[in-house]
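Under my numbering, the first residue of the sequence shown carries the number 1, and numbering increases by one thereafter. C-beta atoms are modelled at their ideal positions from N, C-alpha and C, and glycine is treated no differently. None of the values given here were measured: they were computed from a predicted structure. Working notes, beginning with the structure itself.
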Amino acid sequence: MAELIYYCGTMDSGKSTLALQTAHNHHSRGRTGLIFTSKDRAGSGVISSRLGLQRKAIEVEPTMDLHRFVVDQLSMGERIDYVICDEAQFYEPAQIEQLAKIVDGLSIDVFAFGILTDFRTSLFPGSARLIELSDRVNTLQVEALCWCGARATHNARTVGGVMVTTGEQVVVGDVSSAQEVAYEVLCRRHHMREVTARASKAGHTSVETLPFKPERI
Numbered sequence: 001m002a003e004l005i006y007y008c009g010t011m012d013s014g015k016s017t018l019a020l021q022t023a024h025n026h027h028s029r030g031r032t033g034l035i036f037t038s039k040d041r042a043g044s045g046v047i048s049s050r051l052g053l054q055r056k057a058i059e060v061e062p063t064m065d066l067h068r069f070v071v072d073q074l075s076m077g078e079r080i081d082y083v084i085c086d087e088a089q090f091y092e093p094a095q096i097e098q099l100a101k102i103v104d105g106l107s108i109d110v111f112a113f114g115i116l117t118d119f120r121t122s123l124f125p126g127s128a129r130l131i132e133l134s135d136r137v138n139t140l141q142v143e144a145l146c147w148c149g150a151r152a153t154h155n156a157r158t159v160g161g162v163m164v165t166t167g168e169q170v171v172v173g174d175v176s177s178a179q180e181v182a183y184e185v186l187c188r189r190h191h192m193r194e195v196t197a198r199a200s201k202a203g204h205t206s207v208e209t210l211p212f213k214p215e216r217i
């Protein structure tokens, strides 16, 4: 039986590396598949890992019908044994339903990789639908670390080096302080207190608060 499997974690947990490794493993066994991605930091139509690995992929646009795309490829005689979807948190909920349709109607395995929650600790719509529909949801085993050394569980966005908790849900950036918009992984304790690595060194936190208004200690 084909399955829809979602591998999820924070940034720095190796999801894109695992997506590339999964593609390699299947290809090395003579299997043929499609690789999708969306809004990768390396640019359109690319899956990139922070380890330096990357390969071409099919860019998923919001209006793209993934089920129709796969059916069209099959109708042209293409062999498709599996589908890999990186950055799946950015897919539309309807596209997640199309992935489930690929599994159930075409008996093709779909491996999705993504981030569960955004910088505001809210589920991405694509991730929420994957949790609802996937046959299996697997948390990535590589643990990203907060600056304090604890397991990182949340993604933080910084603008000009200062953590923010408001703004558009999707703004592409990276874990590089050289960028105006950047991201950092934090443990829950420091995310709730808005203490980034930079703030900890400076001895202060930002004045913004999260929706759940944590108590400051």
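Extent of the continuous alpha helix (DSSP H) run through residue i
| i | result |
| --- | --- |
| residue 131 | 125 to 133 |
| residue 163 | Residue 163 -> not in any alpha helix (DSSP H); beta strand (DSSP E) instead, spanning 162 to 164. |
| residue 103 | 93 to 106 |
| residue 192 | 188 to 192 |
| residue 198 | 197 to 202 |
Terminal residues of the beta strand (DSSP E) in which residue i lies
| i | result |
| --- | --- |
| residue 156 | 154 to 159 |
Residues that residue i bridges to, as DSSP identifies them
| i | result |
| --- | --- |
| residue 218 | Shown here, the chain extends from 1 to 217; a query on residue 218 therefore has no answer. |
| residue 7 | 113 and 138 |
| residue 146 | In the DSSP output, where bridge partners are listed per residue, residue 146 has none listed. |
| residue 84 | 35 and 111 |
| residue 151 | 145 |
Burial state of residue i (16 or more Cβ within 10 Å)
| i | result |
| --- | --- |
| residue 169 | exposed |
| residue 153 | buried |
| residue 13 | buried |
| residue 148 | exposed |
| residue 40 | buried |
| residue 15 | buried |
| residue 172 | exposed |
| residue 25 | exposed |
| residue 177 | Any reading at residue 177 must be qualified, since the residue scores a pLDDT of 47, below 50, and its modelled position is unreliable; the value itself is stated next. Exposed, since its Cβ has fewer than 16 Cβ neighbours within 10 Å. |
| residue 118 | buried |
| residue 34 | buried |
| residue 208 | The pLDDT assigned to residue 208 is 45, lower than 50, so where the model puts this residue is not dependable, and the model offers no usable value. |
| residue 109 | buried |
| residue 43 | exposed |
| residue 219 | One cannot answer for residue 219 here, as it falls past the ends of the chain, which runs 1 to 217. |
| residue 202 | exposed |
| residue 98 | buried |
| residue 37 | buried |
| residue 113 | buried |
| residue 101 | buried |
| residue 9 | buried |
| residue 7 | buried |
**Request:** Indicate whether the contact test is met: 3 or more Cβ pairs, each with one atom in the region 84 to 100 and one in the region 11 to 22, closer than 8 Å.
**Result:** With the cut-off at 8 Å, the region 84 to 100 and the region 11 to 22 touch.
**Message:** Going residue by residue through the region 2 to 69, where are the continuous beta strand (DSSP E) segments of at least 3 residues, counting only ones entirely within it?
**Reply:** Entirely contained in the region 2 to 69, the beta strand (DSSP E) runs reaching 3 residues are, in chain order, 4 to 9, 33 to 37, 46 to 48 and 54 to 56.
**Message:** So, does the region 178 to 198 touch the region 137 to 151, judging by three or more C-beta pairs under 8 Å?
**Reply:** The region 178 to 198 vs the region 137 to 151: in contact.
**contact_flag[the region 127 to 138, the region 40 to 54] where n(CB pairs < 8 Å) is 3 or more** = Contact annotation: the region 127 to 138 does not touch the region 40 to 54, with fewer than three C-beta pairs closer than 8 Å.
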